[in-house]
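Student:
Protein chains: 4
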Amino acid sequence: MTDYGDLSALLVNCSIKADSAGSHTQRLIDRAAGIMRDEGVAVDTLYALDHRIAFGMEEDLGDTFGFTDEWPSIQDKIMAADILVLGSPIWLGVMSSVAALVIERMYAYSGHTNDKGQYLYYGKTAGCIVTGNEDGVKAVSRDVLYAMQHIGYTIPPQADCGWIGEIGPGASYGDPGEDGARPVGYESEFTNKNTTFMVWNLLHLARMLKDAGGIPAVGNTRAHWREVTNAADQTIEPVG
Amino acid sequence: MTDYGDLSALLVNCSIKADSAGSHTQRLIDRAAGIMRDEGVAVDTLYALDHRIAFGMEEDLGDTFGFTDEWPSIQDKIMAADILVLGSPIWLGVMSSVAALVIERMYAYSGHTNDKGQYLYYGKTAGCIVTGNEDGVKAVSRDVLYAMQHIGYTIPPQADCGWIGEIGPGASYGDPGEDGARPVGYESEFTNKNTTFMVWNLLHLARMLKDAGGIPAVGNTRAHWREVTNAADQTIEPVG
Amino acid sequence: MTDYGDLSALLVNCSIKADSAGSHTQRLIDRAAGIMRDEGVAVDTLYALDHRIAFGMEEDLGDTFGFTDEWPSIQDKIMAADILVLGSPIWLGVMSSVAALVIERMYAYSGHTNDKGQYLYYGKTAGCIVTGNEDGVKAVSRDVLYAMQHIGYTIPPQADCGWIGEIGPGASYGDPGEDGARPVGYESEFTNKNTTFMVWNLLHLARMLKDAGGIPAVGNTRAHWREVTNAADQTIEPVG
Amino acid sequence: MTDYGDLSALLVNCSIKADSAGSHTQRLIDRAAGIMRDEGVAVDTLYALDHRIAFGMEEDLGDTFGFTDEWPSIQDKIMAADILVLGSPIWLGVMSSVAALVIERMYAYSGHTNDKGQYLYYGKTAGCIVTGNEDGVKAVSRDVLYAMQHIGYTIPPQADCGWIGEIGPGASYGDPGEDGARPVGYESEFTNKNTTFMVWNLLHLARMLKDAGGIPAVGNTRAHWREVTNAADQTIEPVG
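These protein sequence lines are chains A, B, C and D, in that order.
Take the first sequence: its letters are residues 373 to 612, numbered as in this note's numbering.
Take the second sequence: its letters are residues 373 to 612, numbered as in this note's numbering.
Take the third sequence: its letters are residues 373 to 612, numbered as in this note's numbering.
Take the fourth sequence: its letters are residues 373 to 612, numbered as in this note's numbering.
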């Protein structure tokens, strides 16, 4: 049996609801977090709107907006975690404003490098959880996972999962079932399977990356990429 | 020095030009392929439109469309490669029809499993190369990389690269420079750096995955995911 | 009662199935076409894969690919129609390769101008129909409608409609219902309402545009935009 | 000469910068606003982050987040305007969190109907302005314009415009030019032309819609769509 006891994970809920109790996305986040906890991972979950997060492509906005920007402490948690999972609802087919805000603030740190000289998020893995009652799981995951790999995360296979109902308004994930039925979506074989796959693949890649001491610092550092085999040194004929 | 001599890579150009000689995207593909070759990887490149590829969510369309579907031999090459890179031009801000076609045909095989019971593309890594003269590198990469991770590929950090000029019509990547200047885009520090990062990260992850014998087959097979810690077995309170 | 008898519409099915009989998207296309016919519009439907369409950003590829490019006759139908509706299935969350191909070929003509000097598709309206059994109606519509407005079409309110089932594999639109139930999706209030709204809004805007003789040719022609109030002539302070 | 003196427009800047003075997007917004003003339109511009806007799919969040939600007064301005233009920067290839927030709050009102029984935003036109220094004008416009048409706006032809430089970091729109050159992007024929086209097409459609008293309320109201020719009443054979 592989031991995951030294791994840590952070799952961030980017719901736009002020009260986390009403978040449907949280139910699927909890499902994913539960697997990780059962496997011994140190799991932390965070509800973004429980914090005052300022807007801006800055690391710390301080009191710019009349409140104390709480992002820096969230960033600390993100940096401490081997695995990051962003959860987002779907509104008009795209990720929530809160998810966009979280990604912007993470991006503001992307100029920093780790002790190997790589971008800060190298050596970590990321996944995405999406719920809604209409349409857009793939569209949201696409935007979230793209952003994560762009700033340095490794994306394992099938790193997203979610639930939506038949097109149109209706019940959301985790709403009480009608006539004593199980809560909406809880029995979805597709959602449960994909959530399981996502979590295990995050664990597998995180294990692999941690054991390897991260990704080798060859060809992927701003300071030294020209010193190894590189794209600039290739001789390529022009068109025509 | 790490040896990459046992790795293989396939770079597929999804240009919509009938004649590959005029493909700008090919120039950046060649740049990425060159790095891999210099590092000893067995590299193959393929120009999709040199082949007759049928439409359909099928493995082999045979003579359905009045010509012999050549996809199955392309699929063989894809399955033989540890690393897959799709190159696409940008048209109206999205990937080319040929790129969409290639992805559809790969998807048609996604029901198959490897000898561990995982989806077919597990244990491989994928990246994306995009050129255009206007706008859309990230949009195209997003769609391509999402599809690749969805069917089983691992996406390393910064797995996309590309070139576009200032907004509006103008020269494309690899067009001869004006007044004796170097071909368009060839001196782009940003493009050369990102291409280098992409290739090395593909190599690093491919090395890691090959040495590990792929991704462990725990929690990610259709047949056995319910037998390990999984999402269905979590006890989650409904909303409200 | 408004008379729509002088309006014409073309609905193009961009399914990737060789045999149109199996197209689920066609069922929803037929529903939209039916409304238009009932209102006296001259309606034509076209199944793209019944034609041999070449790849390329060209108006007529001739025999480049070893068959006669049939696009030019399709383009004639598009130009003859006041209303264009593109129908697409969803594969991996995006529009089909055939839809991308159709859009590319339309785009190849966008350099032409109408007799007012505007881009060719000015004065026409466009909509989008999407079906799948999983997820992505909005993502597909977004790409299709964006492309249409970009090349000159006017997009009325709520110009897209579609059907998908609950997340995961399952029955598709128009599949026979179980136990004698109505075909899948046919009773969807949401889909029927949105399809109705789309069609009527296409009719309303097409009526308005036709009665007005199209969009006035002021400020939107390549030849004369600098002669009217324009963006280049504004005096704007730089940043900082 | 057509008179636009009775038309009103609102241009909303969704920059994530606390200080509007540094917004590059504002420069292009001002260019578009200038054309409208020159044509007699009553133009208002609004910098979203000058206001405290709460998160949530609600019309008025009151003091939920410890500050007074200022959205309702912004909504009043949106409802008073015949033309709405959203301006957004690009971050990681997508629209800003502030743009997503603005769209969410507008969406929260979409259940309301106008005095004809249509969704609230019917009869109005919308456009989109995007700037960045890298890539993503089309991707951002696609998401913004899709949302606008989905909630009821009419999208005229070529309703988006923007500016980006050659791929990679660099100067942004409106930055002072080097060596006494004009500010960055101000001379872009492409950007100036597209901005002009966008504004004039917004004017043309707004004029047309206002003169017609909006879009006829036939086939597009929740209360009465089943009483006219509609999708539910079509007889469509099932598949197979």
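Yeah, the Cβ is synthetic: ideal placement off N, Cα and C, and Gly gets one too.
(1) Assuming contact is defined by CB atoms lying nearer than 7 Å, are residue 516/B and residue 458/B in contact in what I supplied?
(2) I'd like to know whether the C-beta atoms of residue 531/B and residue 521/A end up nearer to each other than 7 Å.
(3) Give the single residue among 599/D, 375/D, 610/D and 586/D whose Cα lies nearest to the Cα of residue 338/D.
(4) Tell me the start and end of each unbroken alpha helix (DSSP H) in the segment 374 to 432 of chain D that is at least 4 residues and wholly inside, in chain order.
(5) Check for me: the alpha helix (DSSP H) holding residue 583/A runs from which residue to which?
(6) Compute the distance between the beta-carbons of residue 509/B and residue 534/B, then report whether it is under 7 Å.
(7) State the beta-bridge partners of residue 498/D as determined by DSSP.
(8) Can you name the residues of chain D whose CB is closer than 8 Å to the CB of residue 514/C?
(9) Mind checking the segment 402 to 415 of chain A against chain B and listing, in chain order, the residues whose C-beta falls within less than 8 Å of any C-beta there?
(10) Apart from the five residues on each side of it in sequence, which residues of its chain come closer than 7 Å, Cβ to Cβ, to residue 494/B?
(11) Report the residue ranges of all beta strand (DSSP E) runs contained in full by the segment 472 to 543 of chain D; include only those spanning at least 3 residues, in chain order.
(12) Relative to the C-alpha of residue 548/A, which residue among 416/B, 612/B, 469/B and 418/B is closest?
(13) In angstroms with no decimal places, state the Cα-to-Cα distance between residue 381/D and residue 578/D.
(14) Could you tell me the alpha carbon to alpha carbon distance between residue 472/A and residue 412/B, rounded to whole angstroms?
(15) I need the straight-line Cα distance from residue 453/B to residue 447/B, nearest angstrom please.
(16) Could you list which residues in chain A have their beta carbon closer than 7 Å to that of residue 535/C, in chain order?
(17) Taking only three categories from DSSP, how would you classify residue 444/D?
(18) According to the neighbour-count rule (16 or more other Cβ atoms, all chains shown, within 10 Å of its Cβ), is residue 422/A buried or exposed?
(19) So, with DSSP's three-state summary, where would you put residue 462/A?
(20) How many whole angstroms separate the CB atoms of residue 576/D and residue 528/D, which I take to be in contact at a CB cut-off of 8 Å?
(21) Within 7 Å of any Cβ in chain D, is that where the Cβ of residue 419/C sits?
(22) Once you ignore the five residues that flank residue 399/B on each side, which residues in its own chain have a CB closer than 6 Å to its CB?
(23) Residue 396/A: buried (16+ other C-beta within 10 angstroms of its C-beta) or exposed?
(24) Whole angstroms is fine: what's the gap from residue 589/A's alpha carbon to residue 404/B's?
(25) Going by the DSSP bridge assignment, what does residue 467/C pair with across the sheet?
(26) To the nearest angstrom, how far is the alpha carbon of residue 573/A from that of residue 490/D?
(27) For residue 584/D, which residues in chain C fall below 8 Å Cβ to Cβ?
(28) Identify the contact partners of residue 596/B in chain A, using a Cβ-Cβ distance below 7 Å as the criterion.
(29) Spell out whether any CB of chain A is found under 7 Å from the CB atom of residue 461/B.
(30) Excluding sequence positions up to five away, which residues of its chain have a Cβ less than 8 Å from the Cβ of residue 609/D?
(31) Is residue 599/C helix, strand or coil by DSSP?
(32) Grouping DSSP H, G and I as helix and E and B as strand, with all else coil, what is residue 551/B?
(33) Report the rounded CA-to-CA distance for residue 434/C versus residue 449/C, giving the unit in angstroms.
(34) Determine the closest residue to residue 429/D out of 468/A, 373/A and 445/A, with distance taken between C-alpha atoms.
Tutor: According to the structure data:
(1) yes
(2) yes
(3) Because residue 338/D is not part of the residues shown, which for chain D are 373 to 612, the question remains open.
(4) 396 to 410
(5) 561 to 583
(6) yes
(7) 456/D
(8) 514, 515 and 518
(9) 402, 403, 404, 406, 407, 410 and 411
(10) 486, 524, 586 and 587
(11) 497 to 503 and 532 to 535
(12) 612/B
(13) 10 Å
(14) 41 Å
(15) 10 Å
(16) 539
(17) helix
(18) exposed
(19) strand
(20) 7 Å
(21) no
(22) 545 and 546
(23) buried
(24) 18 Å
(25) 462/C
(26) 47 Å
(27) 580
(28) Here the premise fails: no neighbours, minimum Cβ distance about 10 Å.
(29) no
(30) none
(31) helix
(32) helix
(33) 18 Å
(34) 468/A
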